[in-house]
Each structure stands twice: as C-alpha cells, then as structure tokens.
Amino acid sequence: MEKNIESYLIEKRVFKAPRSFARTARIPSRAVYERLYRESIRQPEKFWAREARELVWQAPWKRVLEWKAPFAKWFIGGRLNISENCLDRHLTTARRNKAAIIWEGEPGDRRTLTYQQLHREVCRFANVLKRNKIRKGHRVIIYMPTIPEAAIAMLACARIGAVHSVVFGGFSADSIRDRIADSGAVAVVTADGGYRRGAVVPLKKNVDDALTGETSIKRVIVFRRTASDIHMEEGRDVWWHRELEYVNADCPAAPLESEHPLYILYTSGSTGKPKGILHTTGGYLVGAYCTTKYVFDLRDEDVYWCTADVGWVTGHSYVVYGPLANGATTLMYEGAPDWPEPDRFWRIIEDYGVSVLYTAPTAIRAFIRWGDAWVRKHDLTSLRLLGTVGEPINPEAWMWYHEKIGGGRCPIVDTWWQTETGAIMISPLPGATATKPGSATLPFFGIDAAVVDEQGEEVGPNVGGKLVIRRPWPSMLRTIYGDKTRYKKQYWSEFKGSYLTGDGARRDHDGYFWIVGRIDDVLNVAGHRLGTSEIESALVSHKHVAEAAVVGRPDEMKGQGVVAFVTLKENVTASPSLKEELRKHVSTHIGAIAKPDEVRFAEALPKTRSGKIMRRLLKEIASGRTVTGDTTTLEDFNVLARLSRGEE
Ligand code: 7RM
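So, in structure tokens, the structure goes:
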C-alpha cells in the first residue's frame with residue numbers, strides 16, 4: 003500500500019476577517035458560512051436552485067439535477083442564454099450606463115464600454131457571425147489579444163449558441179492547428195496582431211500557418227488591432243470592421259437548453275495531448291455567477307480587476323462571465339506586467355481606482371523579485387480585497403501581498419479550482435473566513451471536498467492524500483470533447499462517485515485545505531512522500547530567493563533525490579556557498595528528509611502562459627534526459643534551452 007503524503011511545514015499565522023468588511027459582507031461570519039454550508043450539503047439542489055433563480059431563464063427547469071455518474075445534467079428543461087444574463091438583464095436597471103468593461107491596451111490606449119454599449123457590440127458581432135454562416139452548435143476558435151473584442155466574440159458566440167474555444171494569444175500555429183482539428187471548428191476569430199512587451203505578436207500569421215493543408219475552417223474574421231501588414235485570403239478571410247457595415251444591432255438571444263455546450267477550453271494535462279474540457283450553459287453560469295458574488299463580494303461601486311488572460315479558464319469565469327453576470331465593472335489589461343516598467347499593475351490600480359485585484363502567485367513572486375520600490379511609487383489605497391489563483395501561494399509571498407499591496411487591511415481570497423471545475427471550489431469568503439497564509443481554507447457552498455487515502459477513505463487532520471469532490475456541482479465539466487472514455491478514466495475511475503482532482507492536499511485541525519501540489523509531482527524520498535509546495539515554500543522563505551521549483555530524480559539509495567531549481571531575487575549573486583545555505587535552510591525549516599540533494603540556479607523557470615511551473619519538464623532536465631512530450635503550452639522556449647544547457 004502506498005503511504006500518505008507527509009507534511010512538515012505548519013503555518014501558524016491567522017488573519018481574522020476584518021470587522022469593517024464583515025459588517026457589509028453577504029456572508030458576515032463564520033457561523034453564517036457554516037449554517038449555509040451545512041444546508042447546501044444536506045440539500046445541494048435546493049441551494050443551487052435558489053442561486054439559479056436570481057438569473058434570467060427563458061423557460062424554467064423541470065429538474066435541478068440528473069446524475070448518472072459520471073454524467074451530470076443541471077437544470078433540465080430550462081432554457082436560457084448567457085449573453086442575455088450578462089447584458090440584457092442589466093439594461094432595465096441603473097447599470098445600463100455603468101461601465102461593463104474598462105480596458106487598457108499595452109501601448110496605453112484606453113476604452114470603456116457601458117453595459118448598453120457592450121450589448122450593442124455583442125449583438126452586432128453576433129449578426130456578423132450569422133452572416134458568415136456560423137450557427138448554433140458550430141465551434142469557433144477565438145485567438146485574440148486581451149481586448150474587449152475577445153469578450154465580445156465570446157458573448158456573441160454564446161448569444162447564438164455557437165461553441166467558443168479560446169486559444170491563448172501566446173500559443174503557436176501548431177497549437178491552433180491541434181485545437182481546430184480536435185474541435186472541428188468552422189471559423190476563427192482573430193486580430194492582425196496584439197501587443198506584448200512592446201512587440202507585435204503576429205496572430206494572423208499564426209492562424210495562416212495553422213490553416214495550411216486540410217482544415218475544417220471556412221471563415222477567418224480579423225479584427226484590426228495593430229494595423230500590421232497581413233495576408234487576407236480571398237474567399238476565407240474577412241475584416242471585422244467591414245462586416246459590421248452590413249449588420250444591425252438587433253439580435254435576440256437564442257433560447258438555449260441548459261445543457262447546450264457553451265465552450266471548449268483545452269488544457270495541457272500533465273502529459274500527452276491537450277484535453278478539450280467541455281462546459282455547458284446553465285450550470286456553468288450559475289457556478290460562475292454565484293462564486294463571483296460570494297467570493298469577491300462585489301458592490302456596484304467596485305472596480306474589479308482579474309489580471310488573467312482570456313485564454314485561461316480564469317479569464318472565462320472571472321474576467322468575462324462571472325463579473326458581467328453580476329453587473330460588475332471588469333477591467334481588462336492587454337499586456338505584460340513589466341511593460342514599460344515593472345510598476346504597470348500599480349499604475350493601473352491607481353489610475354482607475356481598482357478595488358478588487360485577482361492575480362496569480364507567479365505574478366506576485368515576480369513583483370517581489372522586482373523590488374518594493376515600484377510598489378511604493380503608487381497609491382494603492384483604493385484596494386479593498388485581494389485574490390490569488392493558479393498555484394499554492396507560498397506563505398512569504400502571501401505576507402508580502404498582504405502587507406505591501408493590501409496595506410495590511412485587505413482580506414486575501416486564495417481560490418482553488420480548475421479548468422474542469424469551471425468555478426471556484428475552495429476559498430475563503432472575505433467577510434467570514436479567517437485566513438492562513440498558504441491555505442485556500444474552506445469549500446464553497448454545495449462543494450463536498452475531501453482528502454482521501456488510496457482506498458478512498460477520508461484521512462484525519464494533517465494527513466496528506468488525494469483531493470476529491472464527492473458529488474456533482476453545476477459548473478463541472480461535462481466531458482472531454484469527443485472522448486468520454488478518457489473523461490471517465492481520468493476523473494472518475496479511481497474512487498466510485500468521486501471526482502479526482504489530481505491534486506494532493508491535507509486538511510488541518512480547523513478543516514482548512516492546504517494544497518501540496520499535483521499528485522504526479524509528489525516526491526518519494528527514502529519511503530517518505532513529500533508534496534512539492536512545502537519544500538518550495540521553505541526555499542521562497544529565504545531572503546534571497548524569488549521562486550523555486552522542486553522535483554525528484556531517480557536515486558539509487560533513496561528512491562528519489564530532491565532537486566531544487568531556484569530563481570534568485572534581483573541583485574543577489576549566485577554562489578556555491580549560497581547553494582549550501584539554501585540546502586541547510588530547507589533542512590532547518592522542514593527537516594533533513596526534504597534537504598535538496600542539488601540546488602540549481604536558474605534565471606527563469608519553464609511556465610505555462612498562466613504561470614504554472616511545468617515540473618514535468620524540470621524532472622526530465624534534473625535526471626539528465628532530453629525533454630519530450632507536449633511543450634505547446636510553454637510560455638518561453640528559451641527558458642528550456644537555457645536550463646537544458648545548464649546555464650545559470
Ligand atoms: C484556475 C486554474 C488547475 C490547477 C489545480 C491546482 C492549481 C489552482 C490553486 C491551485 C493551489 C490554489 N485552473 N491551483 N488554484 N493550487 N492553490 N489556489 O488554475 O486548470 O489552469 O489549473 O492549478 O493544481 O489543479 S487550471
């Protein structure tokens with residue numbers, strides 16, 4: 003029998019939900035959370051139905067849930083349209099003239115679209131789609147920069163019932179080609195280019211390269227963003243602005259069945275070919291809507307900024323659908339956080355009075371590395387709530403975020419969820435939950451999360467195991483597009499009736515969840531199973547370390563040896579004595595068992611565009627192998643080449 007994952011790094015700091023916050027919060031105390039949570043678990047369908055009733059349905063549902071494991075249908079018989087819920091529904095209220103999207107381009111250009119204006123643009127573009135023979139059920143690839151038109155294209159697809167699949171603007175022609183082939187898409191919506199660190203990303207050129215040879219694509223609609231010199235293929239490519247000349251703004255929202263597919267989003271998975279995660283209409287909307295409402299506790303006065311790219315699931319649920327369904331003001335920024343200088347985020351927060359900031363640990367660690375002086379240049383007092391997502395946040399990075407960005411007054415919501423879950427699953431509620439640096443805390447309403455051992459039995463406090471969800475929830479994936487078998491096998495085969503997240507976790511004595519890393523990345527050192535996040539956090543707690551990734555490599559004596567890849571803060575000199583110091587540092591903070599056998603300094607770590615460290619690649623490098631398998635989600639190939647050559 004495999005042993006449980008062990009834990010050595012126990013965090014003792016606790017931060018109560020601030021009084022001022024709790025006073026006005028939707029969930030004002032831990033007691034209220036507990037009561038609602040218990041109710042939601044006892045009668046989940048009642049809870050979700052109550053939330054769903056806050057939205058607009060063109061026909062009411064007959065049954066809340068049909069669960070033929072592992073296939074779920076939510077709000078059966080109901081008809082609705084997400085774009086209607088994100089747009090039309092606000093037009094009869096004072097939100098009509100409220101900013102829906104505030105956007106800033108990387109070069110500094112600015113646009114604001116009110117709900118009324120956004121509605122009009124979405125209707126017009128939906129008519130453009132129709133004019134180009136795109137119909138309900140057709141798949142449409144959206145390959146765009148983070149500009150309002152990306153959201154407009156998504157909402158326009160949703161309005162007519164076309165299924166969108168957003169591909170990260172940073173991905174290559176090959177990735178687009180794979181996703182077109184897998185989804186059988188008939189159209190691509192793209193731009194001539196996008197801006198990233200002052201350069202133009204040749205989006206249209208990449209699309210052209212993806213379409214050579216056999217393809218299912220009949221139409222490419224091109225938005226003019228950079229005025230770059232591009233090729234337009236006669237009979238296939240049309241300009242967005244030209245097409246608008248032929249349409250009006252009258253486009254009723256199609257009444258779609260609750261289970262009508264909304265989007266496919268490809269995720270890399272740890273190995274092999276990307277999986278097309280399929281989300282459907284009613285359940286997804288309810289999940290995105292209600293988590294946004296409770297977790298960010300949005301007010302009409304808020305300027306809410308989720309820094310994610312629209313190509314990531316976070317961009318879907320928490321830049322576009324969740325905030326707009328709540329009638330919030332969502333800010334979008336096109337470019338890099340260090341362009342033209344490392345204070346771009348802080349400048350934006352000051353300029354627009356951002357009050358809620360939602361970003362990723364990888365970004366926070368980069369800011370720490372660039373130094374506090376950039377932060378101090380700006381007035382960040384408009385902020386009232388901070389969030390993180392994407393990876394476990396190292397407690398020291400959490401503390402920095404809390405003090406330097408949040409001025410010690412803003413709660414931090416560390417939100418755990420996945421592309422597959424569609425919406426936040428484990429997170430503090432800012433007026434109710436005391437937070438602990440590094441913990442995503444407690445499950446959201448209706449979410450039956452647990453940590454189990456190899457037999458599927460729930461483990462006791464502070465024992466590590468596999469994180470599972472023991473019942474269906476509305477925003478869950480419905481399948482892997484075109485591959486039911488893989489869907490069943492990957493997520494539902496290990497423990498009967500439970501969804502396998504693939505993450506390792508433990509719960510502490512207060513029931514708080516601590517994610518210890520991906521199960522595939524767990525190390526096995528002399529019979530001890532260690533998650534990656536604690537060792538990495540121990541390294542990041544050293545004053546010279548900006549970022550760390552830990553992997554195992556085969557070791558004759560111990561089974562696996564520990565290799566740490568470490569990025570140092572700016573102006574710190576790499577030296578053999580520092581390597582030794584870091585090994586000792588881990589040893590004193592966690593124990594000799596986790597002491598790295600080798601520390602390697604790296605200028606940067608291989609990451610996905612959403613900032614996740616690709617440990618699979620580091621494992622191969624650490625054991626001296628050449629890197630194989632899927633690297634299409636890698637942000638910067640040069641990083642890999644440098645690491646493989648052993649350059650520091
Ligand atoms: C939203 C998103 C999912 C994986 C997930 C975890 C990791 C995400 C947290 C986290 C610890 C968090 N979707 N993860 N959030 N780990 N604490 N708050 O990231 O599909 O791209 O990734 O990301 O491993 O399984 S995703």
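In my numbering, the protein residues as written are 3 to 650. Ideal Cβ placement from N, Cα and C applies to all residues, glycine included.
Same chain only: Cβ atoms within 7 Å of residue i, ignoring 5 sequence neighbours per side
i	result
residue 113	105 and 150
residue 401	439
residue 10	536, 592, 593 and 596
residue 138	162, 163, 164 and 256
residue 262	163, 282 and 283
residue 132	162
residue 330	300, 304 and 306
Start-to-end residues for the alpha helix (DSSP H) that takes in residue i
i	result
residue 364	363 to 372
residue 88	84 to 88
residue 256	Run containing residue 256: none; DSSP gives neither H nor E here.
residue 23	21 to 26
residue 121	117 to 133
residue 48	46 to 54
residue 207	205 to 212
Own chain, CB closer than 6 Å to residue i, minus 5 neighbours either side, in chain order
i	result
residue 458	497
residue 543	398
residue 574	546
residue 290	319, 323, 324 and 425
residue 2	Absent from the model: residue 2. The displayed extent of the chain is 3 to 650, so no value can be given.
residue 71	499
residue 351	382
residue 493	501 and 502
residue 557	563
Spatial distance of residue i from residue j (CA atoms)
i	j	result
residue 52	residue 98	25 Å
residue 88	residue 477	16 Å
residue 365	residue 196	21 Å
residue 280	residue 423	10 Å
residue 384	residue 559	55 Å
residue 110	residue 153	19 Å
residue 404	residue 412	7 Å
residue 294	residue 49	16 Å
residue 134	residue 343	42 Å
residue 348	residue 60	42 Å
residue 307	residue 57	23 Å
residue 615	residue 568	12 Å
residue 416	residue 244	44 Å
residue 276	residue 270	4 Å
residue 182	residue 207	16 Å
residue 6	residue 608	29 Å
residue 491	residue 382	47 Å
residue 34	residue 433	10 Å
residue 62	residue 45	20 Å
residue 298	residue 26	13 Å
residue 160	residue 202	29 Å
residue 419	residue 479	12 Å
residue 516	residue 226	45 Å
residue 21	residue 514	21 Å
residue 589	residue 64	59 Å
residue 371	residue 407	14 Å
residue 354	residue 460	46 Å
Host beta strand (DSSP E) of residue i (start-end)
i	result
residue 526	525 to 527
residue 334	331 to 335
residue 486	Not the beta strand (DSSP E): residue 486 falls in the alpha helix (DSSP H), residues 486 to 489.
residue 277	277 to 282
residue 592	From DSSP, residue 592 is part of no beta strand (DSSP E); its letter is neither H nor E.
residue 196	196 to 198
residue 388	387 to 390
Residues near residue i in its chain [Cβ-Cβ closer than 8 Å; skip 5 each side]
i	result
residue 303	357
residue 367	396, 399, 542, 548 and 549
residue 650	Confidence at residue 650 is low in this model, with a pLDDT of 49, below 50, so the placement of that residue should be treated as unreliable; the coordinate-derived value is given next. Cβ neighbours of residue 650 beyond the five flanking positions: 576, 602, 603, 604 and 605.
residue 296	28, 29, 431, 446 and 447
residue 40	none
Distance cut-off 8 Å: residue i Cβ against heavy atoms of the ligand FMN
i	result
residue 36	The model depicted lacks the ligand FMN and carries the ligand 7RM instead.
*Do three or more CB pairs link the segment 368 to 375 to the segment 141 to 158 at distances below 8 Å?*
Flag = no, the segment 368 to 375 and the segment 141 to 158 do not touch.
_For the structure I just gave you, are there three or more beta carbon pairs, one from the segment 217 to 228 and one from the segment 180 to 193, closer than 8 Å?_
Here the segment 217 to 228 lies against the segment 180 to 193, with 3 or more beta-carbon pairs under 8 Å apart.
*How about the segment 15 to 34 and the segment 459 to 477: do they share at least three Cβ pairs that are nearer than 8 Å?*
Too few Cβ pairs lie closer than 8 Å, so no.
*Would you call the segment 166 to 186 and the segment 207 to 217 touching, i.e. three or more CB-CB distances under 8 Å?*
Output reads yes: the segment 207 to 217 touches the segment 166 to 186.
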